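Position in the sequence shown (first residue = 1) + 1 = this note's numbering.
Yeah, the Cβ is synthetic: ideal placement off N, Cα and C, and Gly gets one too.
Quick caveat, the model's predicted, so the values are computed rather than measured.
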Amino acid sequence: MRIVLGVSGGIAAYKAVEVCRRFVGAGHEVTAVLTDAARRFVGEATFSALATNPVPEGLWQRWDGGIAHTRLGQRADLVVVAPATADFLARYAAGMADDLLSATLLVTRAPVVVCPAMHTEMWEHPAVVENLLALRRRGVHVVPPESGTLAGGDEGAGRMAEPATIVATALALSARRCDLTGTHVVVSAGGTREPIDPVRVITNRSSGKQGHAIAEAAAARGARVTLVTSSALSAPAGVEVVHVESAADMHAAIAAAAPGADVVVMAAAVADFRPKAPAAQKVHGLPELVLEPTPDILAGLAEARRPGQVLVGFAAETQDVVARARRKLERKGVDLVVVNDVSAPGAGFDHDTNEVTILGADGSVAVVPLTSKRQVADAILDEVVARLERDARDTRDARDSKRDTKED
Ligand code: PMT
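Given below as structure tokens:
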């Protein structure tokens, strides 16, 4: 794997040398990119000697047959910034690109891990807190600092995490990248629109952001992805998109895509009811609406599921959220239900962030605190992958024991 190790200017830069050594020791190709301030703490020669490649000099250099400020980011499989100072985080959150490290971060599509290191007062400052929140929302991973001795002999929170922790976290994150290779994942997203007449519809507040984030994450992890969506959001790269409008359209599109799929994730807010007889012409005056239930797509999938297929439902609730979601999990007969309290600040409809609890039919409970919808997506896919792997293991064991019985 090609790793760019960014080093910004804090005393913890000396620990970045050990981070570099460990990545190289694990067999990865490492290029260290130092800010000007980092060079005041640790010499370029140290990183050039330990890393796989020499330290690039700066923004204007040619690199790997191209220009350094784009080529490094384009070719990276993983970017880790250790230490990430308060100043660096502010510049990254603002989208600056006036040195090689910041430009590389704007260019790269690889996972990015930042490892903050600073004094406690800075770590707790609202500006730093907000910058980190903005970065988290964009899918940047943060290895939080620890408490301990800081520069100048002070004590408190803000000391960069240990190199072993940073390397293990970063490698675990990038291992996710291929864990859905060879699978077909179907994701639904957005709120359906049920016609009253050719002009009006009944709909809900879903933007499609959560479902699109799941589709994007599944594609990044190697899956072939079909996204059935009613949202006008742009489609994630490499994903096959089926645009739908009503619950009936979504039902038809999911019914076509699901039978061959390994995983189906129903993140869409499908209308539970619709006008029974939509008017063919615009209604004038107050219409009398007679409603009928829509088909329960998820429950239908559970009835028709093939062995090994993993089904994930959502539950959008505003009270007794976990208890209601648990009942939904049983009623719908799915493997996982992702419950969000859509009345909680920053969670549910239209936000870029979400906060969920993932309930498994096997009794598992995973709580994901408020974070970007992309990170929620990865947490859901972690649960999905665990089930696919368990299923593959069970199938293998059953086959082996059948063969052993035959041989006896
Ligand atoms: O789109 P965003 O703005 O990002 O917001 C995200 C979200 C809040 C929409 C999302 O996180 C979410 O909660 N999606 C499910 C919303 C919903 O309809 O929940 P529900 O509790 O009413 O439905 C339970 C499950 O049954 C869902 O998986 C739903 O897709 C499915 N369902 C519902 C009705 C129906 N007729 N058929 C279904 O398959």
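Residue i CB to nearest heavy atom of ligand 1 below 7 Å
i: glycine 1; result: Given that the chain is displayed from residue 2 to residue 409, the structure contains no residue 1 and the question cannot be resolved.
i: glutamine 320; result: no
i: lysine 16; result: no
i: glycine 212; result: yes
i: proline 370; result: no
i: isoleucine 203; result: no
i: asparagine 341; result: yes
i: serine 207; result: yes
i: lysine 277; result: no
i: proline 296; result: yes
i: alanine 317; result: yes
i: alanine 248; result: yes
i: leucine 228; result: no
i: asparagine 355; result: yes
i: leucine 330; result: no
i: aspartate 379; result: no
i: methionine 97; result: no
i: serine 189; result: yes
i: phenylalanine 350; result: yes
i: glycine 10; result: no
i: leucine 312; result: no
In DSSP terms, what residue i is bridged to
i: aspartate 342; result: Glu318
i: histidine 185; result: Arg225
i: methionine 267; result: Ser189 and Gly314
i: leucine 292; result: Pro276
i: glutamate 156; result: Thr150
i: serine 373; result: Thr354
i: glutamate 241; result: Thr227
i: alanine 367; result: Ile359
i: arginine 3; result: Glu30
i: leucine 337; result: Val313 and Gly361
Candidates the options, of which the one nearest residue i by Cα
i: glycine 301; options: Ala257, Asn341, Gly286 and Ala317; result: Ala257
i: glycine 209; options: His352, Ala158 and Ser148; result: His352
i: glycine 74; options: Pro57, Val82, Tyr93 and Leu107; result: Leu107
i: arginine 391; options: Arg404, Ala253, Asp363 and Ser9; result: Asp363
i: glutamate 131; options: Thr150, Ala94 and Met251; result: Ala94
i: alanine 303; options: Ala281, Arg328, Val335 and Gly309; result: Val335
i: alanine 162; options: Ser207, Gly96 and Val82; result: Val82
i: glutamate 147; options: Asp398, Ala218, Glu156 and His70; result: Glu156
i: serine 9; options: Gly28, Glu30, His29 and Phe42; result: Phe42
i: isoleucine 12; options: Val129, Pro288, Leu151 and Arg76; result: Leu151
i: threonine 354; options: Ile203, Val366, Arg397 and Arg139; result: Arg139
i: glycine 149; options: Leu133, Ala128, Thr121 and Thr166; result: Thr121
i: lysine 16; options: Val187, Ala233 and Ala85; result: Ala85
i: histidine 29; options: Ala77, Val343 and Lys407; result: Ala77
i: isoleucine 255; options: Ala236, Pro237 and Ser231; result: Ser231
i: phenylalanine 48; options: Leu6, Gly67 and Val200; result: Leu6
i: leucine 60; options: Gly66, Ser235, Val31 and Thr105; result: Thr105
Contact set for residue i: own chain, Cβ-Cβ below 7 Å, skip 5 residues either direction
i: glutamate 293; result: Phe274, Arg275 and Lys277
i: leucine 79; result: Met2, Ile4, Ala111, Pro112, Ala171 and Ser175
i: glutamine 62; result: Ala69
i: glycine 261; result: His185
i: tryptophan 488; result: No answer is possible for residue 488: the residues shown for the chain start at 2 and end at 409.
i: valine 202; result: Arg194, Glu195 and Pro196
i: alanine 259; result: Val187, Val265 and Leu302
Same chain, Cβ closer than 6 Å to residue i, five either side skipped, listed in chain order
i: tryptophan 124; result: Ala158 and Gly159
i: glycine 154; result: none
i: valine 385; result: Val264 and Val311
i: glutamate 19; result: Pro164
i: valine 338; result: Gly314, Ala316, Ala326, Lys329, Leu330 and Leu360
Proximity test, residue i beta-carbon vs ligand 3 heavy atom, cut-off 7 Å
i: alanine 270; result: With respect to ligand 3, the structure shown offers nothing to examine, as its ligands consist of ligand 1.
Cut-off 8 Å between Cβ atoms - residues of its own chain near residue i, not counting five sequence neighbours on either side
i: alanine 135; result: Ala94
i: arginine 306; result: Leu312
| query | Do the stretch 182–197 and the stretch 236–250 make contact, defined as three or more Cβ pairs closer than 8 Å? | reply | yes
| query | Can you find at least 3 beta carbon pairs, one from the stretch 338–351 and one from the stretch 359–378, that sit closer than 8 Å? | reply | yes
| the stretch 376–388 in contact with the stretch 202–220 per 3-pair CB rule at 8 Å | yes
| request: Answer yes if the stretch 322–337 comes into contact with the stretch 356–366, meaning at least three C-beta pairs across the two stretches below 8 Å, and no otherwise. | output: yes
| query | Between the stretch 91–104 and the stretch 28–41, are three or more C-beta pairs nearer than 8 Å? | reply | yes
| the stretch 177–189 / the stretch 222–242 touching (three or more Cβ pairs under 8 Å) | yes
| request: Examine the Cβ distances between the stretch 113–122 and the stretch 84–94 and report whether three or more of them are shorter than 8 Å. | output: yes
| message | Within 8 Å, do at least three Cβ pairs link the stretch 50–64 to the stretch 22–35? | response | yes
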